[in-house]
Amino acid sequence: MKITKICCIGAGYVGGPTMAVIAQKCPEIQVTVVDLNEERIAAWNDTDTANIPIYEPGLDVIVAEARGRNLFFSTNVDKAIDEAQIIFISVNTPTKTYGKGKGMAADLKYIELCARQIARVAKDNKIVVEKSTLPVRTAEAIKSILDNTGNGVQFQILSNPEFLAEGTAVTDLLHPDRILIGGDPSEEGKKAIQALVDVYSNWVPAAKILTTNVWSSELSKLTANAFLAQRISSINAMSELCEKTGADVNEVAKAIGMDSRIGSKFLKASVGFGGSCFQKDILNLVYIAKSYGLNAVADYWEQVIIMNDHQKRRFSNSIVQTLYNTVSDKKITFLGWAFKKDTNDTRESAAIYVADDLINEHAKIAVYDPKVSNKKILGDLNYLETRNAEANANSVRSFLDPYEACQQAHAIAILTEWDEFIHYDWQKIYDSMQKPAFIFDGRNLLNGPELKAIGFVYQAIGS
Ligand code: NAD
Ligand code: UGA
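To convert a position in the sequence shown, counted from 1, into my numbering, add 341.
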């Protein structure tokens, strides 16, 4: 089957960049990205691509090239579904906040709504692709909805999880480690798999396109995120031991990373991992394991989250303890609020939890992040519902200038590893701060010996 029209439901961090790259690499395919969120779609259509809703290095250039040629952003979901041969579902799958599985299971209501809408609209055969991260066996539920509520047309369900990381989304999409496509082993299923393989083959080498059964594909995505997060919790666990024993976690990470069986990536100790997916996906995995009665499996993976929560709390506790056991009315400046560098995404960022702890201790938080607005920072804190919005607004202030943010601060906490922090005039910052001037480097980003030479009291993670 020659694919000429693709639709993607969900114009978020995955749908937007993924479809932009498909459109760029497949100029003969018309790609329409749809979303219910009118504001988001309007931003994707902004004539100035600097204003697209997601900040990812290089993405604006790709959007500028493809948009209006064969890449379209729209709120007309029905029309895009009707016209497309392949429909990607790339909507959010957050942790449930109510009912059975609250706080653990994935909330599949948006997925189900998409399936029902596709069933209602589709008048010819469609390939429906799970791009969102889903619990293993979700394809079964989608198929049941499509087959039982549809117009008698045939649907093939494929699982094609996305492995991009934010901040490097464009590079990850252009040069993926692998593309994973899971499908039904029937003849029709094989044809659907081949149709999607052909799309990716426009730029991804055949050896990197892996096809499996649907369940393996769905579970591989949860497994990949669990393994990645586990590495961070493992090195973070070691960071605490390093602090007690005089070992240096950076040296330990380097030493073990040179073992080719372990590998050097994803061994950076930190204030704790954030992002919209690691915690959500592991909780989902834990829930699935428990639902099959596999309690030992569930407990094993849950420990990754427990360790991460511990690491975030340990960081805020250490700030309070070091500042003579009180931060009440002290100005603590956060450099960075995003969950990692090169993104404007703040979902589950460690900064939110560290700030929340410190506000409980009556600290005054100043924030500078090159890509995150004050509105978003307050929104993140309000979402926790620890205190009312007014109390949060009285405790947190954000700045457009990092030097101003640091003025008269008792301490600076590095929460995101933005490159620009390395190159600041640290002498100037030191001169403007209260003394002793403390730096808590939650990313092991800065040059400790240099800062100590200036006069800072410098604390890193794991040394
Ligand atoms: P997101 O919240 O940024 O985007 C989801 C979009 O879907 C929103 O704009 C929302 O308005 C839209 N939407 C929801 N229901 C809709 C409906 N019925 N019709 C039309 N639009 C609808 O989420 P995201 O970060 O892009 O993540 C999407 C999925 O991809 C999740 O399952 C996530 O786990 C997975 N994933 C995310 C990343 C990442 O880096 N963010 C990476 C890999 C996989
Ligand atoms: C992660 C995975 O890396 C992607 O493969 C996956 O597609 C995605 O989740 C997803 O499913 O959403 P992402 O969360 O965007 O991507 O970013 P990562 O680079 O994985 O970083 C996650 C968090 O871990 C960040 O807070 C980062 O600072 C932290 N981290 C990462 C560390 O603390 N140490 C490390 O060594 C690496």
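Even glycine gets a Cβ: it sits at the ideal position worked out from N, Cα and C. Just so it is clear, the structure is predicted and the values come from calculations on it, not from any experiment.
Nonlocal neighbours in the same chain, by C-beta distance under 6 angstroms from residue i, ignoring five residues either side
i	result
Asn-715	Ser-739
Trp-544	Lys-366
Ile-403	Ala-361 and Gln-365
Arg-688	Ser-617
Thr-436	Lys-621 and Leu-624
Pro-368	Asn-411
Thr-390	Asp-401, Val-404 and Ala-405
Phe-496	Lys-467, Val-469 and Leu-487
Thr-727	Asp-697
Ala-778	Tyr-771 and Phe-797
Asp-782	Ile-755 and Ala-801
Glu-758	Lys-682, Arg-784 and Leu-786
Whether residue i touches residue j by CB criterion (9 angstroms)
i	j	result
Ala-456	Ala-425	no
Ala-752	Lys-653	no
Val-470	Leu-499	yes
Lys-609	Asn-785	yes
Gly-353	Val-432	yes
Lys-467	Ile-520	no
Phe-510	Leu-400	The amino acid occupying residue 510 in the given sequence is Ala; Phe does not appear at that position. In contact: Ala-510 and Leu-400 (Cβ atoms closer than 9 angstroms).
Lys-562	Pro-517	no
Ala-754	Thr-674	yes
Gly-491	Ala-536	no
Ala-704	Val-668	yes
Asn-649	Asn-577	yes
Gly-789	Met-579	no
Ile-344	Gln-458	no
Glu-559	Ala-639	no
Asn-386	Arg-408	yes
Ser-690	Leu-741	no
Phe-504	Ala-565	yes
Ala-463	Asp-423	yes
Glu-581	Arg-478	no
Phe-762	Leu-792	no
Asp-760	Tyr-744	no
Tyr-694	Ser-659	no
Ala-567	Leu-635	no
Identity of the residues DSSP links to residue i by a beta bridge
i	result
Arg-674	The sequence given here has Thr at residue 674, not Arg. Ala-707 and Ile-753, per the DSSP bridge assignment.
Thr-552	Ile-522
Cys-349	Val-374 and Phe-429
Asp-782	Ile-755 and Ala-801
Ala-447	Thr-436
Neighbour flag for residue i against chain B, beta carbons, 9 angstroms
i	result
Ile-522	Given the protein chain composition of this structure (a single chain), no chain B is represented.
Cut-off 8 angstroms between Cβ atoms - residues of its own chain near residue i, not counting five sequence neighbours on either side
i	result
Gln-749	Lys-672, Ser-773, Met-774 and Gln-775
Gly-508	Glu-397, Pro-398, Lys-681, Lys-682, Asp-683 and Thr-684
Glu-406	Gln-365
Glu-529	Gln-495 and Gln-497
Arg-381	Ala-352, Gly-353 and Pro-394
Cβ-based neighbour list, residue i, same chain, cut-off 7 angstroms, excluding 5 preceding and 5 following
i	result
Ser-557	Gly-523
Ala-421	Cys-348, Thr-373, Val-375 and Ser-415
Ala-696	Phe-675, Ile-706, Leu-722 and Val-737
Cys-747	Thr-674, Ile-753, Ile-770, Ser-773 and Met-774
Lys-717	Thr-687
Gln-571	Val-645
Phe-607	Leu-569, Arg-572 and Ile-573
Thr-663	Phe-779 and Gln-800
Glu-643	Val-627
The stretch 537 to 555 touching the stretch 612 to 630, judged by at least three CB pairs closer than 8 angstroms
no
Taking 8 angstroms as the cut-off, does the stretch 470 to 486 touch the stretch 438 to 457 (at least 3 CB pairs, one atom from each stretch)?
yes
Where are the beta strand (DSSP E) runs, 3 residues long or more, that stay fully inside the stretch 686 to 745, in chain order?
705 to 709 and 737 to 739
Continuous beta strand (DSSP E) assignments of at least 3 residues falling wholly in the stretch 358 to 445
371 to 375, 412 to 415 and 427 to 430
Cβ contact (3+ pairs, closer than 8 angstroms) linking the stretch 672 to 684 and the stretch 697 to 716:
yes
Counting beta carbon pairs with one atom in the stretch 762 to 771 and one in the stretch 785 to 800, are three or more of them shorter than 8 angstroms?
yes
Assess, as a yes-or-no matter, whether the stretch 394 to 405 is touched by the stretch 357 to 364 under the definition of 3 or more beta carbon pairs within less than 8 angstroms.
yes
Taking only runs that begin and end inside the stretch 468 to 536, name each unbroken beta strand (DSSP E) of 3 or more residues, in chain order.
496 to 500 and 520 to 524
Specify whether the stretch 588 to 606 and the stretch 626 to 635 touch according to this definition: at least 3 beta carbon pairs, one from each stretch, less than 8 angstroms apart.
no
Does the stretch 371 to 389 come into contact with the stretch 412 to 421, if we say contact requires no fewer than three beta-carbon pairs (one atom in each stretch) closer than 8 angstroms?
yes
Starting from the N-terminal side, write out each stretch of the alpha helix (DSSP H) that is 4 residues or longer and does not extend beyond the stretch 576 to 605.
590 to 598
Segments of 3+ residues assigned as beta strand (DSSP E) that fall wholly inside the stretch 621 to 678
672 to 676
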